[in-house]
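Chemist:
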Amino acid sequence: MSEKLDKNQLIFNFLNFSRRKKILLVLLIDIFCAFFATFISFFLRYDLKFDFFEYLLLPLILSLVFIIFFIIFKIYNFFSRYIGINSVKNFFYSLLAYTLLYFFIINYISQPGVPRSVGLIQPIIFSLMIFINRISIIYFLNFINSNYNIKNAVIYGNHKNASEYINKIKDYRIVAIIDESIKLNKFSIDSIPILNLNNLKNLFSKIFVDKIFIILENNNYVDRKKLRYKFNEYKKDISFLPNIDELVKGHYSIKEINKIKLEDLIDRNINWNKENIKNYIENKVIIITGGGGSIGSELTKQIYSYQPKKLILLENNEFNLYKIINEIELYDKKNNLFPCLVSLNDNEQIKNIFEQHKPEIIFHAAAYKHVPILETNIISAVKNNIFSSINLINLSIEYNVKDFILISSDKAVRPTNIMGATKRFVELYSQSLNMENNINTYTSLSAVRFGNVLGSAGSVVPLFNDQIDNNGPITITHKDMTRYFMTIPEAVGLILETCIFKNKSKIFFLNMGNPIKIVDLVKKMIDLKGRKIKESEHEDGIEIKYIGLRPGEKLHEELIISGKSIKTEHPDINIAKEEFLSHSIMLNHLAELKNSVENKSISAIKEIFKKTVEGFKS
215 MSEKLDKNQL IFNFLNFSRR KKILLVLLID IFCAFFATFI SFFLRYDLKF
265 DFFEYLLLPL ILSLVFIIFF IIFKIYNFFS RYIGINSVKN FFYSLLAYTL
315 LYFFIINYIS QPGVPRSVGL IQPIIFSLMI FINRISIIYF LNFINSNYNI
365 KNAVIYGNHK NASEYINKIK DYRIVAIIDE SIKLNKFSID SIPILNLNNL
415 KNLFSKIFVD KIFIILENNN YVDRKKLRYK FNEYKKDISF LPNIDELVKG
465 HYSIKEINKI KLEDLIDRNI NWNKENIKNY IENKVIIITG GGGSIGSELT
515 KQIYSYQPKK LILLENNEFN LYKIINEIEL YDKKNNLFPC LVSLNDNEQI
565 KNIFEQHKPE IIFHAAAYKH VPILETNIIS AVKNNIFSSI NLINLSIEYN
615 VKDFILISSD KAVRPTNIMG ATKRFVELYS QSLNMENNIN TYTSLSAVRF
665 GNVLGSAGSV VPLFNDQIDN NGPITITHKD MTRYFMTIPE AVGLILETCI
715 FKNKSKIFFL NMGNPIKIVD LVKKMIDLKG RKIKESEHED GIEIKYIGLR
765 PGEKLHEELI ISGKSIKTEH PDINIAKEEF LSHSIMLNHL AELKNSVENK
815 SISAIKEIFK KTVEGFKS
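Each residue of the sequence shown is one higher than the one before, counting from 215 in the numbering used here.
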């Protein structure tokens with residue numbers, strides 16, 4: 215296997231020689247052909263009975279000099295498996311000019327001992343050799359393509375911009391550049407023809423092309439949609455290349471070719487009041503739990519940009535902590551970032567962190583969230599998502615933390631899974647404290663609910679993206695399944711917006727727009743990546759498979775329990791108007807839950823959730 219890969223790489227490197235190397239190689243072949251043709255022409259006349267230096271030298275020099283016609287007629291500028299009519303004409307014109315001039319000099323400016331017939335024989339043999347040589351190379355290229363999986367591609371866009379990409383696209387061999395501004399196919403770059411769009415069908419009839427790379431002038435959804443529609447008839451995979459100016463400025467890398475922009479999947483734009491958020495964050499001591507996770511890392515980046523006095527990150531995953539620290543310190547290294555590798559179940563260590571830093575604001579983003587996994591790891595889910603969260607809440611009250619913000623989930627609403635039940639239990643506990651003014655007189659306890667965030671760890675988008683890149687199939691649990699979606703930066707921006715409200719001790723939920731069918735999301739992703747859906751067994755494309763609902767999975771998610779809500783000053787943030795349990799009742803349920811965990815009684819844990827969490831089913 216490795217031997218074949220090495221051979222493939224060797225051949226691919228050969229095919230991607232620079233223009234200068236390609237020309238030099240072909241020129242050396244032509245020089246050999248000229249020498250051989252001259253030698254054979256004398257051999258046919260003298261049967262090796264001639265003095266090489268006396269008779270052969272001048273005809274040989276002439277043959278080499280006249281190769282200049284190949285340069286004049288630009289046949290070295292175009293060398294590919296695709297040979298256009300202009301290239302064929304130039305090829306024969308150069309051979310004709312070579313033949314006529316060679317014949318004229320040998321016959322009319324003759325040298326003693328050089329037969330006049332050489333003037334005719336040599337050009338004929340030379341032309342035949344050159345013709346066979348070119349045909350052989352074209353055949354060889356096609357053979358290599360079919361046997362060594364060398365994929366062909368064309369680039370659509372301005373030919374000057376396209377030239378910047380020729381040597382950057384390593385997985386494909388560029389066979390043509392399509393530039394609509396070119397009227398006649400007279401140009402080439404690095405032996406690659408520049409064609410008008412009208413010649414694309416003709417090209418595809420002669421060469422199998424795997425992919426079309428499209429250079430974007432404006433990187434937006436509308437333009438990409440128009441271009442995809444334009445090339446749909448060719449039924450080729452499509453990838454988009456950023457505008458060359460954006461590439462040069464470093465805004466994109468070639469590795470990001472065909473990378474889906476998450477905002478294109480939901481086509482929305484949310485703004486938030488950055489000035490008010492800065493006033494809230496600046497010079498504050500802030501803790502973020504799960505600071506290296508999907509939501510936590512974005513919270514870290516956004517909050518850090520607002521210049522807090524201290525930013526303490528609590529994270530139990532060493533690699534995630536390393537990643538976010540490294541990312542932050544790449545562009546701004548200060549002494550106000552405090553990474554803490556710690557488990558939230560380590561009460562003593564967490565208390566020491568409170569003692570040392572005296573936090574003013576806590577964003578609690580740490581949680582186990584993978585629904586099917588938590589269904590089979592219920593005790594771990596309760597310990598991590600409930601007990602550690604309640605310990606943080608209690609410490610926040612004890613140490614006079616001003617604001618505690620719980621990052622909740624739409625799965626907390628009438629949950630059919632353990633993950634959602636744990637989130638709702640913590641919501642109920644925090645709100646019970648808000649109701650007991652004699653217990654909680656200072657700390658504001660709030661929660662923010664939202665649906666799925668695009669691109670988060672364990673979300674469907676990275677999974678679907680990998681499945682598309684691997685040519686499918688894409689696995690969907692149910693054809694009617696819907697979910698709410700927003701991007702991570704949007705969710706975090708709105709979380710921070712809730713903090714600037716005067717009355718913060720509430721359950722907030724974010725405006726997620728209309729629910730999106732998962733199958734529609736998949737179709738849009740396939741479209742954005744320039745691929746097509748496999749509609750039948752005999753068609754090429756990406757297959758969609760329905761595998762059934764997983765344990766604990768709901769067909770449709772909700773954001774509020776009662777259906778009632780209160781609007782806030784922000785159009786994308788609302789308050790859930792819901793019933794809560796008293797603090798004494800929550801303490802009783804909590805005690806029962808701890809006892810059930812100690813006894814490892816899964817059935818008892820579920821029974822507690824049934825009487826505590828409205829709508830819980832398992």
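For every residue, glycine included, the Cβ atom is placed at its ideal position computed from N, Cα and C.
Below 8 Å on the Cβ atoms is my guess for Ile631 versus Ser602; work out the distance and round it to an integer in Å.
Modeler: In the sequence as presented, Ile is not what sits at residue 631; that position holds Asn. Their Cβ separation, rounded to whole angstroms, is 19 Å, which puts Asn631 and Ser602 out of contact at 8 Å.
Chemist: In three-state terms, what does DSSP make of Val640?
Modeler: The answer is helix: DSSP assigns Val640 an H, G or I state.
Chemist: Mind checking whether Ile774 and Phe723 have CB atoms under 8 Å apart?
Modeler: The answer is yes: Cβ separation under 8 Å.
Chemist: In terms of residues, what are the limits of the beta strand (DSSP E) holding Ser453?
Modeler: Where Ser453 is concerned, the enclosing beta strand (DSSP E) stretches over Asp451 to Leu455.
Chemist: Please identify the residue among Ile500, Ile575, Asn809 and Tyr613 whose C-alpha is closest to the C-alpha of Glu569.
Modeler: It is Tyr613 whose Cα lies nearest to the Cα of Glu569.
Chemist: Kindly confirm or deny that the stretch 639-647 and the stretch 814-828 touch, where touching means at least three C-beta pairs closer than 8 Å.
Modeler: Short answer: they touch.
Chemist: When you compare each of Ile740, Glu562, Leu527 and Thr689 to Gly755 by their alpha carbons, which one comes out closest?
Modeler: The residue with the shortest Cα to Cα distance from Gly755 is Ile740.
Chemist: So, with DSSP's three-state summary, where would you put Phe293?
Modeler: Unreliable positioning characterises Phe293 in this predicted model, as indicated by a pLDDT of 49, which lies under 50. A coordinate reading is not provided.
Chemist: Taking the C-alpha atoms as reference points, what is the distance between Asp617 and Ile538?
Modeler: Cα-Cα distance, rounded: 24 Å.
Chemist: Cutting at 6 Å between CB atoms, please list the residues of its own chain near Ile281, excluding the five before and the five after it.
Modeler: Excluding residues within five positions, the ones whose Cβ falls inside 6 Å are Asp244.
Chemist: Got a sec? Which residues, its chain only, sit under 6 Å from Asn725 by beta carbon, not counting five neighbours each side?
Modeler: Here the set comprises Asp786.
Chemist: Mind checking whether Thr503 and Ala579 have CB atoms under 8 Å apart?
Modeler: Yes, the Cβ-Cβ distance between Thr503 and Ala579 is below 8 Å.
Chemist: Locate the beta strand (DSSP E) running through Ala367, then write down its first and last residues.
Modeler: That run of the beta strand (DSSP E) goes Asn366 to Tyr370.
Chemist: For Ser294 and Glu751, I'd like the C-alpha separation in whole angstroms.
Modeler: Interpretation of Ser294 is limited by its pLDDT of 47, a score under 50 that renders its predicted location unreliable; the figure taken from the coordinates is listed afterwards. Cα to Cα, Ser294 sits roughly 35 Å from Glu751.
Chemist: Please report the straight-line C-alpha distance between His465 and Tyr370, rounded to a whole angstrom.
Modeler: No answer about His465 holds up, because its pLDDT of 49 lies below 50 and its placement is not dependable.
Chemist: For Val674, does the count of other Cβ atoms within 10 angstroms reach 16, so buried, or fall short, so exposed?
Modeler: It counts as buried.
Chemist: Distance check for Phe340 and Leu314, CA to CA, integer angstroms please.
Modeler: Rounded to the nearest angstrom, the two C-alpha atoms are 13 Å apart.
Chemist: Apply the 10 Å Cβ neighbour rule to Leu677 and answer buried if 16 or more other Cβ atoms are within range, or exposed otherwise.
Modeler: By the neighbour-count rule (16 or more Cβ atoms within 10 Å), Leu677 is not buried but exposed.
Chemist: Could you give the residue range of the alpha helix (DSSP H) that holds Ile709?
Modeler: Ile702 to Thr712 is the extent of the alpha helix (DSSP H) around Ile709.
Chemist: Is there contact between the stretch 725-738 and the stretch 798-818, where contact requires at least three CB pairs shorter than 8 Å?
Modeler: No, they do not touch.
Chemist: Quick one: is Glu711 buried, meaning 16 or more other Cβ sit within 10 Å of its Cβ, or exposed?
Modeler: Buried.
Chemist: Taking only the alpha-carbon atoms, compute the straight-line gap between Pro573 and Val615 and give it to the nearest angstrom.
Modeler: Cα-Cα distance, rounded: 6 Å.
Chemist: What are the start and end residues of each continuous alpha helix (DSSP H) run of 4 or more residues lying completely inside the stretch 754-815, in chain order?
Modeler: Listed in chain order, they are 797-812.
Chemist: How do the stretch 486-500 and the stretch 791-798 stand: do at least 3 beta-carbon pairs fall below 8 Å, yes or no?
Modeler: Cβ pair count under 8 Å is below three, so no.
Chemist: What does the Cβ neighbour count give for Arg387, buried or exposed, with the cut at 16 atoms within 10 Å?
Modeler: Label assigned to Arg387: buried.
Chemist: Would you call the stretch 245-255 and the stretch 342-350 touching, i.e. three or more CB-CB distances under 8 Å?
Modeler: Verdict: yes, contact present.
Chemist: Should Ser769 be labelled buried (16 or more other beta-carbon atoms within 10 Å of its own) or exposed?
Modeler: Note on residue identity: the sequence assigns Leu, not Ser, to residue 769. Looking at its Cβ environment, which holds fewer than 16 other Cβ atoms inside 10 Å, Leu769 is exposed.
Chemist: Report the three-state DSSP secondary structure of Val556 (helix, strand or coil).
Modeler: Note: Val556 maps to coil in three-state DSSP.
Chemist: Would you report the Cα separation of Phe305 and Phe427, rounded to the nearest angstrom?
Modeler: Their Cα atoms are separated by approximately 30 Å.
Chemist: Flag this pair as yes or no: are the beta carbons of Ala705 and Phe664 separated by less than 8 Å?
Modeler: Yes.
Chemist: Counting along the chain, where does the alpha helix (DSSP H) carrying Ser519 start and finish?
Modeler: Run containing Ser519: Ser508 to Ser519, per the alpha helix (DSSP H) assignment.
Chemist: Tell me which same chain residues have a C-beta within less than 7 Å of the C-beta of Gly634, skipping the five on either side of it?
Modeler: Closer than 7 Å at the Cβ level, and outside the excluded window around Gly634, lie Ser623, Lys625 and Ala626.
Chemist: Could you spell out where the beta strand (DSSP E) holding Glu529 opens and where it closes?
Modeler: That run of the beta strand (DSSP E) goes Lys524 to Glu529.
Chemist: Bridge partners for Asn666 per DSSP, in chain order?
Modeler: Per DSSP, Phe699.
Chemist: Got a sec? Which residues, its chain only, sit under 7 Å from Phe257 by beta carbon, not counting five neighbours each side?
Modeler: Closer than 7 Å at the Cβ level, and outside the excluded window around Phe257, lies no residue.
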